[in-house]
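To start, the structure under review is shown below, and the notes come after it.
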Amino acid sequence: MKYRLNISCQTSALSELRAFLQQSLGGATLDEIEKHQVTLAVEEVCANLIIHSHGCNPQDIIHLEVIDSDQKLIFEITDQGEAFNILDYEVPDLKKVMVEKRKGGLGIILVKKIMDEIEFESKNGVNTCRLIKWFRS
Amino acid sequence: MLRLEKTKENRSDILSLFGEVDASNSVILDEAIQELVASGTKSLIIDGKNLEYISSAGLGVFMSYLEDFQDQEISMKICELTPRVFEVFRILGLDQLIPIYPDRAAAFAE
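From first to last, the protein sequence lines are chains X and D. For the first sequence, counting from 1, position 43 maps to 44 in this note's numbering; every step adds exactly one. For the second sequence, counting from 1, position 51 maps to 460 in this note's numbering; every step adds exactly one.
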């Protein structure tokens with residue numbers, strides 16, 4: 002099963018994204034806590050893109066595709082903004098985030114801890130971030 | 410959608426969160442905590458009973474106060490998180506940095 006959503010690059014679109022994910026994950030073989038976590042991870046990536054790659058420009062669009070197969074869920078997030086390769090970012094130390102009073106960096110920790118696989122590619126100005134969650138048998 | 414409610418109980422300021430905290434509204438949470446600090450609070454309890462969702466934007470607000478609160482001897486506790494929201498705190502390790510209690514009574518007791 003495939004589900005698609007186009008998100009306008011404004012933070013007010015995040016609640017719409019969560020509602021879409023809740024609906025798309027309805028039939029997935031994950032418990033409620035896992036569904037909540039993957040929703041959070043996808044939102045973290047999209048929020049990062051909206052704020053940092055697109056400067057909250059509502060004219061810009063992020064495309065999300067959710068692919069629900071027998072064994073795994075794939076979230077494919079595509080945009081044409083400044084490339085943000087999450088794999089290039091080291092997971093910051095939590096104590097460091099606290100001391101530096103940084104409000105960022107936590108999202109990256111969450112995405113890396115929640116998702117089983119993360120892929121990123123940038124080709125001809127199109128960036129694709131793929132988040133994969135395997136179903137536990 | 411996020412709604413906040415400020416009350417006082419047992420000489421503590423209670424900040425109850427209703428709904429969802431994300432990058433679109435975390436500033437509201439930040440401002441509410443700033444106001445409580447400005448009013449001289451020494452004991453702040455965040456009631457998460459009706460908090461359905463919190464992203465890193467909201468978690469970062471709590472994180473940003475931890476050191477200052479330590480210096481200013483302000484106590485911040487969180488209580489009654491739903492299991493799924495608590496799990497997010499746990500994944501990040503925030504449960505090791507902020508005391509989290511099952512309910513308000515337990516938060517008052519310590």
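Just so you know, even glycine gets a beta-carbon here, dropped at the ideal spot from N, CA and C.
Per DSSP, the bridge partner or partners of residue i
i	result
D422(D)	K417(D), L453(D)
R493(D)	Partner(s): none; R493(D) has no beta bridge.
Contact under 8 Å by Cβ, residue i with residue j
i	j	result
L426(D)	G457(D)	yes
L468(D)	L107(X)	yes
I75(X)	C47(X)	no
E496(D)	I8(X)	no
M116(X)	L475(D)	no
A466(D)	A432(D)	yes
Where residue i sits in the DSSP three-state scheme
i	result
H64(X)	strand
E91(X)	coil
L142(X)	One cannot answer for residue 142(X) here, as it falls past the ends of chain X, which runs 2 to 138.
T40(X)	helix
I78(X)	strand
I442(D)	helix
F471(D)	helix
T12(X)	helix
G108(X)	helix
D117(X)	coil
M485(D)	strand
Reference residue i; option with closest CA among the options
i	options	result
N459(D)	M410(D), F517(D), Q481(D)	M410(D)
I423(D)	I454(D), Q505(D), I507(D)	I454(D)
I483(D)	S452(D), E461(D), D439(D), R420(D)	S452(D)
Inset, instruction - Check whether the segment 119-137 of chain X touches the segment 483-491 of chain D, counting contact only when three or more Cβ pairs, one atom from each stretch, lie closer than 8 Å. - result: no
Inset, instruction - Inspect the CB distances between the segment 107-115 of chain X and the segment 28-47 of chain X and report whether three or more fall short of 8 Å. - result: yes
Inset, instruction - Mind the definition here: the segment 116-125 of chain X touches the segment 67-87 of chain X only if three or more C-beta pairs lie below 8 Å; say whether that holds. - result: yes
Inset, instruction - Pair every Cβ in the segment 62-76 of chain X with every Cβ in the segment 6-26 of chain X, then say whether three or more of these pairs are closer than 8 Å. - result: yes
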